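Read left to right, the sequence shown gives residues 1 to 997 (our numbering).
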Amino acid sequence: MTLPLGTRKQQTVLAMLVVQSGRVVGLDELIDELWPADPPASAVPNARTYAANLRRLFDAAEPTRGLVGRQGDGYLLRADRSDIDLHAFLDDCQSARDLWGGGEPAKAATLLTGALARWRGPMLAGVSQGPVLAARSAALEEERLAATEDLADIHLELGQPAEAARLMRDHAHMHPLRERAYGLLMRARVAAGDVAGALSAYAAARRALGEELGIEPGPELRRLHRAALKPAAEPVPVAPTARPAASMPSWLPRRVADFTGRADLVARLLRAGREAGADPVIKVIDGMAGSGKTTLAVHVAHQLAEHYPDAQLFIDLQGHGESSPVEPAAALVTLLRQLGVPAERIPADVYDRVALWRNELASRRAIVVLDNAASTDQITPLLPTAPAAVVLVTSRRRLAAMEGGHPESLPLLSPAEAIDLLASAVGPERVRAEPEAAGRVAARCGYLPLAIRLAGARLAHRPGWRLADLADRLGHQASVLAELTAENRSIASAFGLSYTPLREPTKRMFRLLGLWPGEHFPVEAAAALSGLSAPEAALVIDELVDRHLVEEPDAGRFRLHDLMREYAQALALAVHAPAEREAAVRGLLDYYLHAVAAVTEPLEPAALRRHIALGQPMRPDLLEAPGAVDSAHGPIDSDWLERENANVRALVRHAEQAGHDGYAWRLARAPWRFHYLRGYIDDIVELHECGLRAAERLADDTAIASMHNYLASGYQRVGRSQEAVLHLEVAIRLRERTGDLSGAIQSRANAASVYWVLGRFEEAVSINLKLLAESWRLGGVSTLLLLPNLGIPLMHLGRLDEALRAHRWHLFMARQSGDHYHMAQALGHIGAVRVRMGDPLGAIRVIKASVALKKRIAIRLGVAESLNDLACAHQRLGHLAEAERLHRLALAESAAVGHRTIDVSTLNDLGVTLALAGRSGAAVETHEQALTLATRIANPYEQGRALAGIAAHRVVDDPVEARRHWERALVLFRQLNVPERHEVARRLADLLPAGSA
């Protein structure tokens, strides 16, 4: 079966689920993949929409499998490994290698041939790829190339050189830098008696390596070349690399044999070293502790050594260590002695030493590694002036003042590179056996090379451990840092060398940032934590960024690497008293509470400040609502809250867990209107559940009532209506007991809105009429809430004139108060009534005005409902294609905001449109989906509509089943007293009596 997979970004979401099938892929991971550089404000709802569309697509194709599911804040693909080509290919390759290693090459060849036949082109061709998919694609391509070469090797072992040559001829041509491919081709041609062909393959390899990389073929290819020239002789052993003569000193440390990754950076550095011009080449490699700066510099220096044969020098300048940094004068003595300059020739004066050093280098082609530099001042005297020199400088801080040096900030390893490094430490067979556990270990190490090497060392010396055992230890340990140690090396000690030289104010800021519970943070958050002003905090943060203790992934947005955060948190717990830590967190919570209120208070004039008893901010210098400014991104407004929404969630959770209960419930309540209008219903539920626990610990009835009231709004939207009623009953009881009459009216009105979802239309009308009278006695409080809650059940009861009056009154009141949100809602509801009154053209005008206003004021609440009403208006006009398009837009919008009531009503309306278009099968299927959902969320009105819709399509083929469905629908419609009961009764009367021939 072929399915239309939707847009490129929707295909990207599917690809993420497929390559990680069986694992929950978090919403943050999807957003990072879809928009690696700059996620839009709508990233969260858009990502949810793509996932929901996929789930709906696969459910429609195979309703019983539930292929795409949602768990928590993420999604997963439930499929067997054998059903996915990617995993089947990897499993077949591993099985083939096991057979080959077990002495069964013929079976291995058969299995590998089948595995390679699965490839029909590049992986994920045409799919937009972010960092994860790009890394997976690259890793799978490497696995495919290795499998092809393994197959050729097996053919040679089986005495089938022609097959091996056939495989490797095109393979080597397509991948000219793969020396193993050329080696296999040479072996195949020699085995077939084609010595000339083998020599031609060697010549092609040498030409490609020389032109692309500027290097000669490796030892194995050279050995095969010599063997081809002397076919009768014994194979020529690999000769050891010649050591430099005494006149050509090499002081480079031994390079690691398993250097992994950094291919682009290595290529850039090698290119710069080989293309030196009139000036010396100076490259500065900076990065956080443990990122592999020295390893990289030494690796590159060894690669360049043959181009700089006169000297290869190395010195540790101890810029970040327990001892003081090496003075330039002392460093010059070391470097001159490495050059072979006798001690007696080295002058005492530092300026004379600099002159001698530069003079000595002027006549040599030399490469110099200045490792672990402390500052620009330290290394400037050590820089040569002669053109025939390359200098590689490493430092844990950015050497911004250095002239002529080209900085290369070392990033973390990619996931694929990190796994490769782990494989080199523990053995590739262990990683191939447990790829998922290997990925977890690499992720828990933060893709930091030193951390991965230390983790690998622990595993390598524990043959009884599986990778999963190590992953579990890293996942369950309170401190990962304690696990990442080997002998006298540890991540904590490496970080300590960067932390110790800091000024005390900078150290204090770093420690307090360990208390930050979110991901990215702005300068204002750091200022609130530390008590510094925003400009002071910005200067300190800049220093931490320069020293690679803090990252700045986007301008003005900062974060700590996961391991660095743990290190900072440990320091904070060790250095700061509990009272000081609590005060810092309290300052942070207070800043965010007032900043969020500055955004949302205009959406709830007077109500918000009254509900949360908002006092004066502790830090008015950071925030003076409503004109406060986020230093990096402008005013604190809804866009600010969109960026900070994930931090608000983290802060509420942290406040509730840490016992800051007053802030926990207030910070849960403050963004409610923003979340409600933007459709972030999951956030409403999560935050108010946290807030309710905090309020109950405080035994604060006002706070408890507020949490119950607003938690109910979330439960209602996700279809948990019965639970919503229970929470509202508690809120009503508490508000009446505390004398909060306007609050009690609000909660009773909210309960009435749940009643009409539950089909209790007449009860909802009665309650709202009583509440309107009470509201007017109290000065009109909650009128804007009550009027739509009255009009909607009136419409469902068929009392259309009364419903239209209620919604027009709502529009008038909204205009009087200047409330654009309520204006938009009223226009949409008027349109819905006009559709039912038989005025589709009038309905289209007002509904379009409603949608336009909602988009202009950036709210998503009710957009799906209006789109569906617009579809119904076009349906009445006979514009069935346009109606279907709008129904499906409404479904996508509703899925994005999690509005189950609109989901089910839209499905039923879509079923009617499909029926009018003559697509009976699709109509029945859509009504059946509506029936399942309506039953799950306890919506009897939509259950009745779905049953009636199914019956109308079965009346010809199965009148008995049609009668059964209509009878069930009639029972529901009579209970609800809705006008649909008359049409269903008529249809039943038109049927022959049950059992008649």
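Cβ coordinates follow ideal geometry from the N, Cα and C atoms, glycine included. As the structure is a prediction and not an experimental result, all values here were calculated from the model.
Could you tell me which residues DSSP puts in a beta bridge with aspartate 349?
Bridge partners of aspartate 349: none, in fact.
Is DSSP giving asparagine 372 helix, strand or coil here?
It is a strand residue.
Is leucine 910 helix, strand or coil when you go by DSSP?
Helix, per DSSP.
Closest by CA to glutamate 143, which one among Ser250, Asp420, Glu656 and Arg78?
Out of Ser250, Asp420, Glu656 and Arg78, Asp420 has the C-alpha closest to the C-alpha of glutamate 143.
Spatial neighbours of leucine 5 within its chain, please: CB distance less than 7 Å, with the 5 preceding and 5 following residues excluded, ordered by chain position.
Cβ within range, chain order: Gln11 and Leu14.
Considering only residues of the region 575 to 662, which uninterrupted alpha helix (DSSP H) runs meet the minimum length of 4 residues and lie entirely inside it, listed in chain order?
For secondary structure counted as the alpha helix (DSSP H) over 4 or more consecutive residues, the region 575 to 662 holds these complete runs in sequence order: 578 to 600, 607 to 612 and 638 to 658.
Does the ligand NAP have a heavy atom nearer than 6 Å to the CB of threonine 376?
The ligand NAP is not part of this structure, which contains no ligands at all.
Taking a contact to mean a Cβ-Cβ separation below 7 Å, would you say isoleucine 31 touches proline 40 in this structure?
No, they are not a contact pair.
How many angstroms separate the CA atom of leucine 454 from the CA atom of alanine 486?
In a straight line, the C-alpha of leucine 454 is about 6 Å away from that of alanine 486.
Enclosing alpha helix (DSSP H) for aspartate 92 [first to last residue]
That run of the alpha helix (DSSP H) goes 85 to 101.
Rounded C-alpha distance that separates leucine 336 from proline 309:
Roughly 17 Å separates the two Cα atoms.
Does the beta-carbon of glutamine 943 have 16 or more other beta-carbons within 10 angstroms, so that it is buried, or is it exposed?
Under this definition glutamine 943 is a buried residue.
Please report how far the alpha carbon of arginine 432 lies from the alpha carbon of glutamine 94, in whole angstroms.
Straight-line Cα distance between these residues: approximately 7 Å.
Could you say which of Glu29, Leu382 and Val730 lies nearest to phenylalanine 314 if we only look at CA atoms?
If you compare the alpha carbons of Glu29, Leu382 and Val730 with that of phenylalanine 314, the shortest gap goes to Leu382.
Pull up the distance between the alpha-carbon of alanine 423 and that of glycine 193, whole angstroms please.
Cα to Cα, the separation comes out at about 38 Å.
What's the call for asparagine 46, buried or exposed, on a 16-neighbour Cβ count within 10 Å?
Burial call: buried.
Okay, do the region 382 to 396 and the region 214 to 228 touch, 3+ Cβ pairs below 8 Å being the bar?
They do not touch, by the three-pair rule.
Per-residue DSSP class, three states only, for glycine 26:
Assignment of glycine 26 by DSSP, reduced to helix, strand and coil, places it in the strand class.
Which residues in the same chain have their Cβ closer than 7 Å to the Cβ of glutamine 378, if we skip the five residues on either side of it in sequence?
Non-local beta-carbon contacts of glutamine 378 in its own chain, meaning distances under 7 Å to residues more than five positions away in sequence, involve Leu317, Gly319, Pro325 and Pro328 in chain order.
Express the C-alpha separation of valine 441 and glycine 22 in angstroms, rounding to a whole number.
Those two C-alpha atoms are separated by around 18 Å.
Between which two residues does the beta strand (DSSP E) containing proline 553 stretch?
It spans 551 to 554 - the beta strand (DSSP E) in which proline 553 sits, taken as one unbroken run.
State the DSSP-derived secondary structure class of proline 217, mapped to helix, strand or coil.
In the three-state reduction of the DSSP assignment, proline 217 falls in the coil class.
Quick check: what's the CA-CA separation for alanine 655 versus threonine 506?
Here the alpha carbon of alanine 655 sits roughly 26 Å from the alpha carbon of threonine 506.
Do histidine 807 and isoleucine 830 come within 7 Å of each other at the CB atom, strictly closer than that value?
Yes.
Assign arginine 254 to one of three DSSP states: helix, strand, or coil.
Residue state, collapsed to three classes: coil.
Please give the ranges of any beta strand (DSSP E) in the region 56 to 80, keeping only runs that are unbroken, at least 3 residues long and fully inside the region.
Listed in chain order, the complete beta strand (DSSP E) runs (minimum 3 residues) inside the region 56 to 80 are 68 to 71 and 74 to 77.
Output the boundary residues of the beta strand (DSSP E) element that contains glutamine 312.
Element bounds for glutamine 312: 311 to 316.
Assigned secondary structure, aspartate 869 (DSSP; H/G/I helix, E/B strand, else coil):
Helix, per DSSP.
Between the alpha carbons of glycine 114 and arginine 206, how many angstroms are there, rounded?
When rounded, the distance between both Cα atoms is 33 Å.
Please classify glutamine 746 as buried or exposed, where buried requires at least 16 other C-beta atoms within 10 Å of its C-beta.
Under the 10 Å beta carbon count, glutamine 746 is surrounded by 16 or more other beta carbons and is classified as buried.
Which residues mark the beginning and the end of the alpha helix (DSSP H) in which aspartate 38 is found?
It is not in any alpha helix (DSSP H) - aspartate 38 carries neither H nor E in the DSSP assignment.
Helix, strand or coil at aspartate 286 according to DSSP, with G and I counted as helix
Assigned with DSSP and collapsed to three states, aspartate 286 falls in strand.
Using the three-state DSSP reduction, which class does glutamate 434 fall into: helix, strand or coil?
Under the three-state reduction of DSSP, glutamate 434 is assigned to coil, being neither helix nor strand.
Sorted by chain position, which residues of the same chain lie with C-beta nearer than 8 Å to leucine 448's C-beta, five sequence neighbours on each side aside?
Met288, Gly290, Ser291, Leu412, Leu413, Ile491, His561 and Leu563.
If you check the beta carbons only, do isoleucine 681 and arginine 643 fall under 7 Å apart?
No.
Cβ-based burial, glutamate 403 [other Cβ within 10 Å; buried from 16]:
Classification of glutamate 403: exposed, given that the 10 Å Cβ count is below 16.
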